[in-house]
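Residue numbers (full-length UniProt numbering): 1 to 57.
To keep things clear, I will list the structure first and then write my remarks on it.
Dropping the structure here:
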């Protein structure tokens, strides 16, 4: 039986939680929020985020 209610639970691992803490503290500037899929794929492809070098993605 399939539930008609959508599950809005989000599970994140320790690495993702640590990365979000770095973003919150401003240590991954210019990143200030979570990226959407399209934006993340663009960063992966170009190694640039908002015109600045972004070597890790």
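Glycine included, each C-beta is placed from N, C-alpha and C at the ideal position.
* Could you check where the alpha helix (DSSP H) with residue 22 kicks off and where it finishes? -> Start and end: 14–24.
* So, are the CB atoms of residue 32 and residue 43 less than 8 angstroms apart? -> No.
* To do: Could you tell me which residues DSSP puts in a beta bridge with residue 48?
  => According to DSSP, residue 48 bridges with 53.
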